[in-house]
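**Student:**
Protein chains in written order, with this note's numbering: chain A, 96 to 295; chain B, 277 to 445.
(1) I want to know whether the region 125-142 of chain A touches the region 313-333 of chain B - three or more CB-CB distances under 8 Å.
(2) Could you give the DSSP three-state label for residue 201 of chain A: helix, strand or coil?
(3) At 9 Å on the CB atoms, spell out the chain B contacts of residue 69 of chain A, in chain order.
(4) In chain order, what residues of the same chain have a beta carbon less than 7 Å from the beta carbon of residue 258 of chain A, not counting five sequence neighbours either side?
(5) Grab the span of the alpha helix (DSSP H) containing residue 252 of chain A for me, first residue to last.
(6) Where does residue 110 of chain A fall in DSSP's three states?
(7) For a test of the three-state rule: what should DSSP assign to residue 331 of chain B, helix, strand or coil?
(8) Is there at least one Cβ from chain B nearer than 9 Å to residue 61 of chain A's Cβ?
(9) Find the nearest neighbour of residue 286 of chain A within the set A:153, A:232, A:175, judged by alpha-carbon distance.
(10) Per the contact definition of three or more C-beta pairs closer than 8 Å, is the region 174-187 of chain A in contact with the region 146-158 of chain A?
(11) Report yes or no: do three or more beta-carbon pairs, one from the region 246-253 of chain A and one from the region 342-354 of chain B, lie closer than 8 Å?
(12) Distance cutoff 9 Å, beta carbons only. Does residue 177 of chain A sit that close to anything in chain B?
(13) Counting only beta-carbon atoms, is residue 156 of chain A nearer than 9 Å to chain B?
(14) Assign residue 297 of chain B to buried or exposed, taking buried as 16 or more other Cβ atoms, counted over all protein chains shown, within 10 Å of its Cβ.
(15) For the pair the region 339-346 of chain B and the region 152-162 of chain A, tell me if three or more CB-CB distances fall below 8 Å.
(16) Here's the rule I'm using: 16 or more other beta-carbon atoms within 10 Å means buried, otherwise exposed. How should residue 286 of chain B be labelled?
(17) I need the DSSP call for residue 166 of chain A, collapsed to helix, strand or coil.
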């Protein structure tokens, strides 16, 4: 490796300040500290290892280039997470332009939420191993269309409000609400299906 | 319209209503078993997802990951040029990495992109490998980097490679 400096005891704030003054080892320290989270967020949206690696690295590059614009209105990790989310959404938009509408989108638009019947989400009292439950959720997320998965990731994992999701996804709040509703319902259905598969 | 009711219930669960709207809706839901069932289900799914995101770790060595970031910064330090089609760069790197092992090792030995003096020097090693995995490890306290070159590509690998082919210090 390159610098050989140990930044593990320094806070993000200190490392950011040093990095803003051109200290690349401090920036490397920030990368080492948050790279898993940034990669994981990219993967959760893209569901593709190579693309997630590429765009997460690109997010770090952009962060370095824009570091002086970081005003500390949020934490550094929140700021870099927003950068990687925006890069992923741009990438998904580019991909969507090259594809036909997904079946999920068509189902949602033609069905509307009024046709939905009540769903049954997994019972929390059911004794599933934590890892098993997480894997089941992950498998279900993988099967969602990228629009529905994105809304869920931004709302449940990043805990963004409707208006912020609408802004990020360049759509109306009503669309966010509709997609979120459909996505939750679809998740319940997919997880029930996965459970049946596992028990068969 | 019924769909509006569903979305209203969802907004209630998500805390997106004004205090006045929320109070009014909660009062109406009290006497509506269907609304109560829906809000409970929506709330359960919301909490389930929030509490159980899969933890995912970087699938490559941290040093390799940083070396690629550093390389991009060196080639475009101010972000003056737009990047190539996303997704392609990484794929390209991954498959050319074996052939470019010498470049990789040299890259790991380079000084920081704005540092005036190099702090580490490594030998350049050429290889004719057509397929290989690379793993790197750095000990900051000892000031060393170790590069494993694994030629058993395609075989299941649940642990670190057994063969230590090259080591640089």
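Virtual Cβ for every residue (Gly too), placed ideally from N, Cα, C.
**Tutor:** Short version:
(1) Because the criterion of three Cβ pairs below 8 Å is met, the region 125-142 of chain A and the region 313-333 of chain B touch.
(2) Its pLDDT being 48, under 50, residue 201 of chain A is placed unreliably in this model, and the value from its coordinates should be taken loosely. The answer is helix: DSSP assigns residue 201 of chain A an H, G or I state.
(3) Within the shown structure, residues of chain A are numbered from 96 to 295, placing residue 69 of chain A beyond reach of any answer.
(4) Cβ contact annotation for residue 258 of chain A (same chain, cutoff 7 Å, sequence separation greater than five): 268, in chain order.
(5) Boundaries cannot be given for residue 252 of chain A, as no alpha helix (DSSP H) includes it and DSSP labels it neither H nor E.
(6) Looking at residue 110 of chain A - three-state DSSP - the assignment turns out to be helix.
(7) Residue 331 of chain B: coil per DSSP, three-state reduction.
(8) Chain A is shown only over 96 to 295; residue 61 of chain A falls outside these bounds and no answer can be derived.
(9) Nearest to residue 286 of chain A by C-alpha distance, out of A:153, A:232, A:175, is A:232.
(10) Touching, per the Cβ criterion.
(11) Verdict: no, contact absent.
(12) Between residue 177 of chain A and chain B, the shortest Cβ-Cβ separation is not below 9 Å.
(13) At least one chain B Cβ lies under 9 Å of residue 156 of chain A.
(14) Under a 10 Å Cβ-count criterion, residue 297 of chain B is classified as exposed, with fewer than 16 other Cβ atoms of the shown protein chains found around its own Cβ.
(15) Contact between the region 339-346 of chain B and the region 152-162 of chain A is present, with at least three C-beta pairs closer than 8 Å.
(16) With 16 or more other Cβ atoms inside 10 Å of its own Cβ, residue 286 of chain B counts as buried.
(17) It is coil, neither helix nor strand.
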